[in-house]
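Asker: For the sequence shown, numbering that gives the first Met the number 0 gives the first residue as 0, with consecutive numbering after it. Built from N, CA and C at the ideal position, the CB exists for glycine as well. Just so it is clear, the structure is predicted and the values come from calculations on it, not from any experiment.
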Amino acid sequence: MFKDLVLKNRSYRRFYESEAVALDTLRDLVELARLSPNGSNRQSLKFYLSAGEKNEEIFSCLGWAGHLKDWPGPEKGERPAAYILILNDKNIANNMDSNVGIAATSILLGAVEKGLGGCMLGNVDRKKLTGLLSFPDHLEISLAVALGKPKEVVVLEEVKADGDIKYWRDADKVHHVPKRKLEDLIVG
0 MFKDLVLKNR
10 SYRRFYESEA
20 VALDTLRDLV
30 ELARLSPNGS
40 NRQSLKFYLS
50 AGEKNEEIFS
60 CLGWAGHLKD
70 WPGPEKGERP
80 AAYILILNDK
90 NIANNMDSNV
100 GIAATSILLG
110 AVEKGLGGCM
120 LGNVDRKKLT
130 GLLSFPDHLE
140 ISLAVALGKP
150 KEVVVLEEVK
160 ADGDIKYWRD
170 ADKVHHVPKR
180 KLEDLIVG
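(1) Return the residue from the list 4, 130 and 39 that minimises the CA-CA distance to residue 60.
(2) Can the beta-carbon of residue 37 be found closer than 8 Å to that of residue 107?
(3) In chain order, what residues of the same chain have a beta carbon less than 7 Å from the beta carbon of residue 102, not counting five sequence neighbours either side?
(4) If we call anything under 8 Å between Cβ atoms a contact, is residue 20 one with residue 147?
(5) Leaving out five residues on either side along the sequence, give the residues of the same chain with a beta carbon under 6 Å from the beta carbon of residue 76.
(6) In angstroms, rounded to a whole number, what distance separates the CA positions of residue 57 and residue 128?
(7) Along the chain, which unbroken stretches of the beta strand (DSSP E) at least 3 residues long are found entirely within the region 10-95?
(8) With DSSP as the reference, label residue 173 as helix, strand or coil.
(9) Is residue 81 near residue 25, with beta carbons less than 8 Å apart?
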């Protein structure tokens, strides 16, 4: 059922790093993004795949969890086994943010179907990463998608009366994500 895929599609930030993700799997996930709806059918998105030697360089350019102020990100052994960088080709189109979200969601839902998990990361040192990976000027990093076999439990819960939506971790490293009620989201 599709709702089950959506419920399993959490922002996982800790992985079994030693469990490899094949480049063919990453290609399959990009194929889902390629086939997804695309504004004006411009198809300006490009994808950089990493499942090995470049992972450390990519990791060094990412910020991991804005609400977990004292957590610098996953430690060695818990880092993603793979990444897909979503790039926008400015020679084709500018400002295709909605397409980036559609592509990333398709990638993550496909990852869940394959028994993987991931996290969209917008906190990217784009200048540094562009230099490390030698991207030409017309390719702009829009988003990083970290992928691997999830090592953490993510629990959805209702937002409490105080309205605080900040996710948090308990002493057992269970990741709690408050979600607003459906009736609080629908207007009219």
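Answerer: Looking at the atomic coordinates:
(1) Here the question's residue 60 lines up with position 61 in the sequence shown. Of the candidates 4, 130 and 39, the one whose C-alpha sits nearest the C-alpha of residue 60 is 130.
(2) Translated into the one-based positions of the sequence shown, residue 37 becomes position 38. Translated into the one-based positions of the sequence shown, residue 107 becomes position 108. Result no, Cβ atoms of residue 37 and residue 107 do not sit closer than 8 Å.
(3) Taking the first residue of the sequence shown as position 1, residue 102 is located at position 103. Excluding sequence neighbours, residue 102 sits near 32, 35, 44 and 85.
(4) As a working note, residue 20 is residue 21 in the sequence shown. As a working note, residue 147 is residue 148 in the sequence shown. Yes.
(5) Position 77 of the sequence shown, counting from 1, holds the residue named residue 76. Around residue 76, the same chain offers 16 as residues with beta carbons nearer than 6 Å, after the five sequence neighbours per side are excluded.
(6) On the sequence shown, position 58 is the one that residue 57 refers to. On the sequence shown, position 129 is the one that residue 128 refers to. Straight-line Cα distance between these residues: approximately 7 Å.
(7) You should have 44-49 and 81-88.
(8) To locate residue 173, count along the sequence shown from 1; it is residue 174. The answer is coil: DSSP assigns residue 173 none of H, G, I, E or B.
(9) Your numbering for residue 81 matches position 82 in the sequence shown. Your numbering for residue 25 matches position 26 in the sequence shown. A contact, by the Cβ cut-off of 8 Å.
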